[in-house]
Amino acid sequence: MKRSQLRAAICACALLSFVQLAIPGFSQRRQQPVKPSGPWMDTSLSPDQRADLVIKEMTLDEKIAVLHGVGMPTDDSLTPENMPSNRGVGYEVGVPRLGIPGIDMSDAAYGVRSSGANGRYSTALPANVAAAASWDPDAAYEYGKLIGTELRAQGYNMSLGGGVNLTREPRNGRTFEYLGEDPILAGTLVAKLIEGTQSKHVIGDIKHYALNDQESGRNSVNITISHRAARESDLLAFEIGVEQGHPAAVMCSYNRVNGDFACENKWLLTDVVKKDFQFSGFVLSDWGGTHSTEKASAAGLDNEEPGRIFYEAKYKAAVEAGTISQAELDEHVHRILRSMFAAGVIDYPRQRGVVDPLAGLEVARKIEEGGIVLLKNKAATLPLVPLRLHTIAVVGAHSDVGMISGGGSAQVDPPGGNAIAKPGEGATRWQQEIWFPTSPLKAIQARAPKASVKYDSGDDPTAAAALAKTADVAVVFAYQWESEGMDLPSLSLAHNQDALIAAVAKANPHTIVVLENGSPVTMPWVDAPAAIVEAWYAGSDGANALANVLFGSVNPSGKLPNTFPKSEVDLPHSTITQPPPVSRHFDGAATPEQWAKGLPPFEVTYDEGLKVGYKWYDAENKPVLFPFGYGLSYTTYRYSGLSVTPGDKVKVSFTLTNAGARAGAEIAEVYAALPATAEEPPKRLVGWSKVQLKAGEKKTVEIEIDPKYLSIFDEAKDGWTLVPGDYTIMVGGSSDKLPLKAAINLK
Ligand code: BGC
């Protein structure tokens with residue numbers, strides 16, 4: 170470049186800067202961060218040391234700026250011009266002057282949300298509850314890793330996935346986003362999921378902390394629960410998730426707990442998560458879940474999302490007035506910055522790239538194959554043998570074109586749009602049933618190419634039964650759709666599907682029911698069909714995974730992470746307590762003032778306490794439809810030779826034999842009954858192992874039990890304690906079938 174050209178270029182740049190300052194709108198454009206440099210880029214220093222070096226250089230305004238988001242794309246305050254990603258749901262601006270990037274957040278429960286609006290593709294993994302049904306930590310890691318990979322490719326550096334609220338209330342509309350009713354299973358799996366996401370240098374999140382176990386009135390409900398019951402149930406899932414998965418972020422929930430909103434609850438944020446779990450990352454509020462400045466800050470909330478009602482001007486004024494100390498401000502800033510260094514978002518800046526849809530499909534298919542649960546299989550109806558089938562009837566649940574997905578902020582956009590969209594219906598919408606274009610009909614036909622496969626919508630049970638009567642086998646699909654922002658009115662299948670199943674099963678003795686659901690469903694027709702397959706929300710390649718199980722190229726190995734009760738009357742709470750009308754439709758009906766102040770509380774008391782899921786049914790002697798940990802296989806397994814050795818960690822060893830003629834994977838489960846003086850429910854899961862076995866193969870399985878998993882939470886000493894006495898260790902393939910038992914005395 171000649172000197173005169175250089176001069177002209179410099180002038181042009183200066184003019185552009187002037188124009189940018191002078192024209193309204195331009196100034197709102199994203200300030201391009203300088204390339205990170207400075208002593209904090211010394212990677213031999215710890216994330217804490219690096220954060221402190223940055224803080225030394227920051228002005229008060231810069232510190233305040235990292236404490237809050239700048240709005241949501243729906244406000245139009247975030248545009249592709251001021252945001253490097255595809256416009257997720259939140260953006261925190263970072264410290265551009267010092268080369269610290271912004272934090273670009275997207276929902277990513279079972280895949281990256283809202284890609285469709287940006288003309289991008291994301292893989293929909295099977296719902297989180299399906300991954301939980303695999304009981305497979307390696308699968309959970311792959312699940313998180315795929316999410317991290319696709320987030321990064323779309324320009325994000327933070328995931329808002331990691332939901333781990335326990336299924337205390339199975340009608341909760343977000344049950345599909347969570348990992349079941351047992352804290353040890355859910356906590357172990359969420360830790361692996363977070364580890365997988367963070368391996369791609371994306372900030373991982375665990376949510377919704379805590380006890381956000383119903384959607385009805387979630388912004389106002391006050392949950393009353395004892396510390397012991399909370400620590401041994403819902404909070405234990407978070408404890409394991411934080412300690413083993415090291416998430417960089419915890420999202421506090423909308424609800425109140427024992428009087429205070431979760432996002433300004435000192436017990437939850439400071440005493441439990443930061444001090445007791447030794448969480449070193451940052452706490453951000455659920456969207457609109459911040460309700461104060463001084464109180465929230467002192468309680469331990471580090472970051473307000475998605476906006477800046479309490480953590481911008483009001484926060485600055487509080488610091489200037491001395492009602493929030495400089496040290497308290499610095500502590501919040503430190504946690505945010507140290508998490509960015511720890512997760513690697515500064516050392517490995519995100520790079521937009523092309524998502525690999527085929528790789529994603531394969532991960533999604535394998536996870537679904539491992540999570541499908543075979544609930545019933547009379548007279549070895551499954552697997553199907555194509556040569557024996559001349560006619561197959563496929564009935565119901567849009568199974569000609571697709572499979573349903575879970576809704577709300579978890580919603581992933583299907584390629585090509587909703588598979589059941591009517592012409593002219595464009596993008597997917599909030600709280601609309603979204604069907605992925607993975608067709609069970611086509612997948613079944615592909616595996617039985619010589620059979621005549623016929624479809625009936627199931628809208629008219631009589632017509633469906635007539636078709637089923639003519640077929641060698643009938644496969645009925647039934648679904649229960651759920652979403653954030655609502656709870657299920659009941660666990661019954663909606664849309665007359667109970668009658669449909671009963672009619673088809675009556676017409677054809679070889680009827681197979683396939684369920685697509687997130688929460689447990691009741692089955693008044695359970696005795697009628699020959700086989701029942703739980704497929705959950707099956708993800709982008711669900712139909713192939715399902716067909717592989719139906720036709721036996723995959724031997725089912727999933728087990729239920731939630732109990733299926735016989736009826737709602739058996740649940741701890743007969744109905745879900747509803748809020749007073751103002752907060753019924755959680756955001757819509759509330760004015761911004763009501764929202765910020767906090768909607769009037771209404772009370773829900775978790776007096777079932779420790780008795781969540783199977784612990785409730787066990788303790789109350791209530792027979793169930795299908796128990797926690799239950800699932801069949803095309804082979805059978807034998808358990809023998811239990812030995813239990815006390816020590817720092819109790820060691821459990823036994824022999825597992827595949828007694829059948831097919832290879833398979835068995836989830837071997839270990840439960841403990843605590844001494845009577847512990848006053849616990851009859852048993853709890855304390856360990857498991859998913860063991861691959863060839864036909865006829867035998868393996869010794871060894872499982873070590875973390876002492877915390879045998880302990881109780883002692884409120885008096887505010888810590889875990891092992892109650893001395895006699896313990897029974899039980900081993901088997903389902904919580905209701907534990908053939909091996911041994912007694913040990915622990916001191
Ligand atoms: C949900 C969160 C979500 C956030 C951002 C909230 O309504 O509860 O799970 O991450 O919105 O979309």
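First residue of the sequence shown: 170, per the working numbering; consecutive thereafter.
Backbone N, C-alpha and C fix where the C-beta goes; we use that ideal spot for every residue, glycine too.
Just so you know, these numbers come straight off a predicted model, no measurement behind them.
When the alpha-carbon of Lys820 is set against those of Lys859, Ile898, Leu854 and Ser802, the nearest one is in Ile898. In this structure, the ligand BGC has no non-hydrogen atom nearer than 6 Å to the beta-carbon of Asp516. When secondary structure is reduced to three states using DSSP, Gln218 falls in the helix class.
Rounded to the nearest whole angstrom, the CA to CA distance from Arg557 to Leu719 is 14 Å. Every alpha helix (DSSP H) of 4 residues or more that sits fully in the segment 581 to 642 is shown, in chain order, as 609 to 616 and 630 to 638. Distances from the CA of Gly414 to each of Ala511, Pro475 and Pro815 were compared; the closest alpha carbon is that of Ala511. Put simply, the segment 280 to 295 touches the segment 316 to 331. At least three CB pairs are less than 8 Å apart. Taking Ala533 as reference, the option from Val673, Ala300 and Trp304 with the minimal CA-CA separation is Ala300. Around the beta-carbon of Thr459, 16 or more other beta-carbon atoms lie within 10 Å, marking it buried. Within a 10 Å sphere around the beta-carbon of Trp705 sit 16 or more other beta-carbons, which makes this residue buried.
In the DSSP assignment, Ile394 falls outside any alpha helix (DSSP H) and carries neither an H nor an E.
In terms of Cβ geometry, Ser402 and Leu358 do not form a close pair [threshold 7 Å]. Only exposed fits Arg521, as fewer than 16 other CB atoms lie within 10 angstroms of its CB. Around the Cβ of Tyr480, a 10 Å sphere holds 16 or more other Cβ atoms; the residue is buried. About 6 Å separates the beta carbon of Thr550 from that of His679, a gap short enough to meet the 8 Å contact definition.
Secondary-structure assignment with DSSP links Ile670 through no beta bridge to anything. Between the ligand BGC and the CB of Asp883, the shortest heavy atom gap is not smaller than 6 Å. As DSSP reads the structure, Gly259 sits in a beta bridge with Met274. The beta carbons of Ile392 and Arg425 sit about 7 Å from each other, so the pair counts as a contact at 8 Å.
For Val235, there is no enclosing beta strand (DSSP E), as DSSP gives it neither H nor E. Per the C-alpha coordinates, the member of Asp629, Lys232, Ser904 and Ala912 positioned closest to Tyr896 is Ala912. For Tyr484, the enclosing alpha helix (DSSP H) stretches over residues Ala482 to Ala490.
In the structure shown, Leu825 adopts extended strand secondary structure according to DSSP, grouped into three states. Val262 has its CB no nearer than 6 Å to any heavy atom of the ligand BGC.
For the options Gly901, Trp889, Thr826 and Ile874, the alpha carbon positioned closest to that of Ala864 is the one of Thr826. DSSP places Ile836 in the uninterrupted beta strand (DSSP E) bounded by Gly833 to Ala842.
Taken through DSSP and simplified to helix, strand or coil, Asp895 comes out as strand. Taking C-beta atoms as the reference points, Leu729 and Tyr786 fail to come closer than 7 Å. Restricted to the segment 302 to 327, the alpha helix (DSSP H) segments that are unbroken, complete and at least 4 residues in length are 306 to 322, listed in chain order.
Considered as a whole, the segment 659 to 741 harbours 680 to 686 and 700 to 703 as its complete beta strand (DSSP E) runs of no fewer than 3 residues, in chain order. Val258 has its CB nearer than 6 Å to a heavy atom of the ligand BGC. Below 8 Å, too few C-beta pairs join the segment 582 to 592 and the segment 685 to 693 to call them touching: fewer than three. Looking from the CA of Tyr878, the closest CA among Asn546, Trp889, Val371 and Glu871 belongs to Trp889. The beta-carbon distance between Cys432 and Ser454, rounded to whole angstroms, is 4 Å. This is short enough to meet the 8 Å contact definition.
Relative to the ligand BGC, Ser578 has its C-beta within less than 6 Å of a heavy atom.
By the Cβ test, the segment 694 to 714 is in contact with the segment 537 to 556, since at least three Cβ pairs between them sit closer than 8 Å.
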